[in-house]
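Residue numbers (the working numbering), protein chains in the order written: chain X, -19 to 375; chain V, 6 to 385.
Think of the CB as a built atom: it goes at the ideal place given N, C-alpha and C, for glycine as much as any other residue.
Since the model is a prediction, treat every value here as computed from it, not as a measurement.
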Amino acid sequence: MNLDFSPEEIAFREEVRAFIDANYPKHLKGVGLREDLSKEDFLAWHKILGKKGWSAPAWPVEYGGTGWTATQRYIWLEENARAETIPPLPFGVSMVGPVIYTFGTPEQKQRYLPGILSGEVWWCQGYSEPGAGSDLASLKTKAVREGDYYIVNGQKTWTTLGQHADWGFFLVRTDPNAKQQEGISFLLIDMKSPGVSVRPIKLLDGGYEVNDVFLEDVKVPVDQRIYEENKGWTCAKFLLAHERAGIAGVARSKRNVERLKTIAKAEIGDDGKPLIESDDFQMKLAQLEIDLSALEMTELRVLARESAGKGPGPESSLLKIKGTEIQQRLTELTLEAIGNYAQPYTRELGGNEFAVGPEYSRAPGPIYFNWRKASIYGGSNEIQRNIIAKMVLGL
Amino acid sequence: MNFDYTDEQNMLRDSIAKWAQGQYDFDKRREALKSDDAWKKNWATFAELGLLAAPLPEDFGGLGGGPIDVGVVMEEFGKALVVEPYVATVVIGAGALREAGSAAQKDEHLTAIAGGERVIAFAQAEPKSRWALNDVSTTAKKDGAGYVLSGQKAVVFGGPQADTLLVSARTGGGQRDAKGISLFLVPKNAKGVTTRDYPTMDGTRASEVYFENVSVGADALVGAADGALPLIEKLVDEANTAHCHEAVGCLRMMTDLTREYAKTRKQFGRAIAEFQVLQHRMVDMFMATEESVSIALLATLKLDASDAERAKAVAAAKVSIGRAGRFVGQAAVQTHGGMGVTEEMRVGHYFKRVTMLDSTYGNVDYHLKRYAALTAKAAA
């Protein structure tokens, strides 16, 4: 057991770094992941990686994965975070993709996987409903079989970036009489189908990134169902485990710690000295880094187990809880570091308005409020604790 | 010892609650935030209800009340998320005049404040000062009998609505010296004053204020030249205390809204309020709110004590309530689930307001250090 990179791994890191340096679009450098990016900007890096064959490193090679080891994938994430790239969105590559190659028919794999890899097709998620959040299995959206089609009616919510989506993956109820988890099916729906409408939900920070999706007599061909009818919950659980494994965001948090240090060097504390020299700020920063180190090692252990052939299990809930807690503490500490210039809120005045304080003071306020979502989405942290209690501790 | 409010104070509370219910509900407030002028109508109502006069001296159209009355007003304002610049005008502006104004200044401004015809903003913080009250770079140079002001003031609350600015400026000493700071009353339309107005994170508005060789007469000076820092500290303590009561109003609302939501929101076949983990969280929210009520009152009742005693009590309130605001705000949003992060739910707006209040005139860390320094000084 050791933490050192081998010479091959160091060479790989150099290769990756050089590739990012040479190919990442210049105009998106340092832009950061923001929900108000254009569709083209969101997809730019994804498309470049698609051509290179690097858009889905975690996939099995036969479906378009890179065949990298866990360490190489770790290096890949690190280098992307370091360069602050806009990563491929999770909905296709990390969520529906693995469901399709695991549970889909050969025809379905052929039909959908290439668009996910290339970034040509934008996917969105239709899971939550107004009455089915933490209790996802209580979902009510109905799909009634009529010949070769399902007729789908219902409402989905919290559909992230659904305003750009070409296709969506939906959980629908195909057997209203079965026990909750047993009457659900997993459907792929073309978002241009008649009867699909998307309505934005305005969030606390003033941004639009999630949507309500209304489905009104939407005709969905039966061959767009993944896996067996009424067995969609199996796909859903599989997908949620994948989602929470990637949600820890360690590499991005490490990058944000560095960003925070830069801010703390520029900010003057109340004692007239740079904030980075203040004892209590140093202590908070140190504690955050320590917790992040522990999380990183935990994530590496989970990754190592995964590459030994085991998929992400219930223990990935730990990564989701700790990862999002650290992300949220980082947003808090960044807000604190900026002091009273965190108060002006210029985003609603339009992107061209210059910041009131230093340029770095513009984003942390909105991000702090926006990021409260992290302990709610992907299964709230309360639900994740229930999963650990039940599935890991056997309580 | 007596924790009772007077009949007048109870009536004051009821009159604000009634007004807020009818004229300042969530939707009306949201509409008002989009307009540049809606605040004027509300301000006139504040004058009619006697809110502006409440803490002012009776000789100048006031009702002769004090910090307890202000606390009553502010808690109700917190519940209704009132954005009008009450603290800047009535607590700080009128406070400065009450403590140090000349007879002519009191005559000119206090009656106007009570009647709703004068709105004052406190131009104190600067781009590099953070929350240090002694850190003043804006200069006021002697020029004949008067002064010439130059510099920039940051995040001035009420700046967009104000007609008059209370400005801290350096008449002597270096950037961080305690001595050499003076206060001036400057009309916002004085030649050389420009502002940049903008929204703040909680939907209120503030300004950057630029002074470029602004000439004022000797009569613009409030109190003695060079010695304003102790007065500024007192005014900011009073403002912080008022904001603590406002935060208490927000905390009460977040705790209540969360409890009501949890009782009606059903998941897994029952109200989520039945889950023990959420019950305990709501109990913690309740306890944090009650402790905040207590410490806000402590600060209020110590405002007339010695400088050191007052400072410690206010610092203690800012620390406790800053923490409570963060905990209760985050817990309230979390318990509301996805709905908690939407703009349409009220709970998030209280969360934004308490976040804003924490970073106003010193956050938790600032006041914890201040408290510790005061303790160490007393022990030495």
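{"Asked": "Could you tell me whether the Cβ atoms of A145 (chain V) and L190 (chain V) are closer together than 8 Å?", "Found": "no"}
{"Asked": "Among the candidates X:V152, X:L116, X:W138, X:T85, whose CA atom is the shortest distance from the CA of R125 (chain X)?", "Found": "X:V152"}
{"Asked": "Closer than 7 Å by beta-carbon distance: list the chain X residues that pair up with N368 (chain V), in chain order.", "Found": "E316"}
{"Asked": "Ordered along the chain, which non-local residues of its own chain (more than five positions away) have a Cβ less than 6 Å from that of K382 (chain V)?", "Found": "none"}
{"Asked": "Applying the 10 Å Cβ sphere with the 16-neighbour rule, what's the burial state of N7 (chain V)?", "Found": "exposed"}
{"Asked": "If you check the beta carbons only, do G337 (chain X) and P132 (chain V) fall under 8 Å apart?", "Found": "yes"}
{"Asked": "Could you check which residue in X:L167, X:R91, X:V178 has the C-alpha nearest to that of E201 (chain X)?", "Found": "Going by the sequence as given, residue 201 (chain X) is Pro instead of Glu. Closest option to P201 (chain X), Cα to Cα, is X:L167."}
{"Asked": "Could you tell me which residues DSSP puts in a beta bridge with K211 (chain X)?", "Found": "X:I164"}
{"Asked": "In chain order, what residues of the region 322 to 345 of chain V put their CB closer than 8 Å to some CB of chain X?", "Found": "R331, Q335, V338, Q339, G342, G343, G345"}
{"Asked": "What do you get for V359 (chain V), buried or exposed, if any count of 16 or more other CB atoms within 10 angstroms of its CB means buried?", "Found": "buried"}
{"Asked": "Within the continuous beta strand (DSSP E) that includes A126 (chain V), where are the two ends?", "Found": "125 to 128"}
{"Asked": "Report the rounded CA-to-CA distance for A59 (chain V) versus H354 (chain V), giving the unit in angstroms.", "Found": "27 Å"}
{"Asked": "Of the choices X:Y107, X:Y81, X:D203, X:E162, whose alpha-carbon is the least far from that of Y129 (chain X)?", "Found": "X:D203"}
{"Asked": "Between the region 260 to 285 of chain V and chain X, which residues of the former have CB atoms less than 9 Å from a CB of the latter, in chain order?", "Found": "R270, K271, Q272, F273, G274, I277, F280, V282, L283"}
{"Asked": "Bridge partners for Y130 (chain X) per DSSP, in chain order?", "Found": "X:R125, X:V200"}
{"Asked": "Classify V11 (chain X): buried if its beta carbon has 16 or more other beta carbons within 10 angstroms, exposed otherwise.", "Found": "exposed"}
{"Asked": "Rank V:P90, V:E104, V:G66, V:A108 by C-alpha distance to the C-alpha of V124 (chain V) and give the top, closest one.", "Found": "V:P90"}
{"Asked": "Please return the same chain residues whose Cβ sits closer than 6 Å to the Cβ of H250 (chain V), not counting the five positions on each side in sequence.", "Found": "G76, M79, E80, A301"}
{"Asked": "Pop quiz: D140 (chain V) and G252 (chain X) are said to be a contact at Cβ under 8 Å. What is the actual Cβ separation, rounded to whole angstroms?", "Found": "7 Å"}
{"Asked": "Taking 7 Å as the limit between beta carbons, can you name the residues of its chain near T137 (chain X), skipping five residues before and five after?", "Found": "S108, E109, P110, D192"}
{"Asked": "How many whole angstroms separate the CB atoms of V227 (chain V) and Q110 (chain V), which I take to be in contact at a CB cut-off of 8 Å?", "Found": "7 Å"}
{"Asked": "Looking at the C-beta of R35 (chain V), does it have a partner C-beta in chain X at a distance below 8 Å?", "Found": "no"}
{"Asked": "So, with DSSP's three-state summary, where would you put S118 (chain X)?", "Found": "helix"}
{"Asked": "Any residues in the region 211 to 245 of chain V with a beta carbon nearer than 8 Å to a beta carbon of chain X? Which ones, in chain order?", "Found": "A211, E213"}
{"Asked": "Is L256 (chain V) near A329 (chain V), with beta carbons less than 8 Å apart?", "Found": "yes"}
{"Asked": "Is L116 (chain X) near the ligand FMN - that is, is its Cβ less than 7 Å away from at least one heavy atom of it?", "Found": "Among the ligands in the structure shown, none appear at all, so the ligand FMN cannot be discussed."}
{"Asked": "Straight-line CA distance for L362 (chain V) to C215 (chain X)?", "Found": "46 Å"}
{"Asked": "Between the region 239 to 251 of chain X and chain V, which residues of the former have CB atoms less than 7 Å from a CB of the latter, in chain order?", "Found": "I248, G249, D250"}
{"Asked": "Would you kindly report the start and end of the unbroken alpha helix (DSSP H) that includes V338 (chain V)?", "Found": "312 to 341"}
{"Asked": "Which residues in the same chain have their Cβ closer than 7 Å to the Cβ of V41 (chain X), if we skip the five residues on either side of it in sequence?", "Found": "G47"}
{"Asked": "Quick check on the DSSP output: the alpha helix (DSSP H) that includes W48 (chain V) runs from which residue to which?", "Found": "43 to 54"}
{"Asked": "Determine the DSSP secondary structure at E80 (chain V), reduced to helix, strand or coil.", "Found": "helix"}
{"Asked": "Which residues of the region 108 to 130 of chain V have a Cβ closer than 8 Å to any Cβ of chain X? Give them in chain order.", "Found": "A130"}
{"Asked": "So does the region 149 to 158 of chain V actually touch the region 336 to 354 of chain X, counting three or more Cβ pairs closer than 8 Å?", "Found": "no"}
{"Asked": "Looking at C-alpha atoms only, which residue of X:S258, X:A2, X:L283, X:P174 is the closest neighbour of Y195 (chain X)?", "Found": "What sits at residue 195 (chain X) in the sequence shown is Leu, not Tyr. Here the closest residue by C-alpha is X:P174."}
{"Asked": "So which residues on chain V does N60 (chain X) lean against when the C-beta distance must stay under 8 Å?", "Found": "The premise fails here: N60 (chain X) is roughly 27 Å from chain V at the closest Cβ pair, so nothing lies under 8 Å."}
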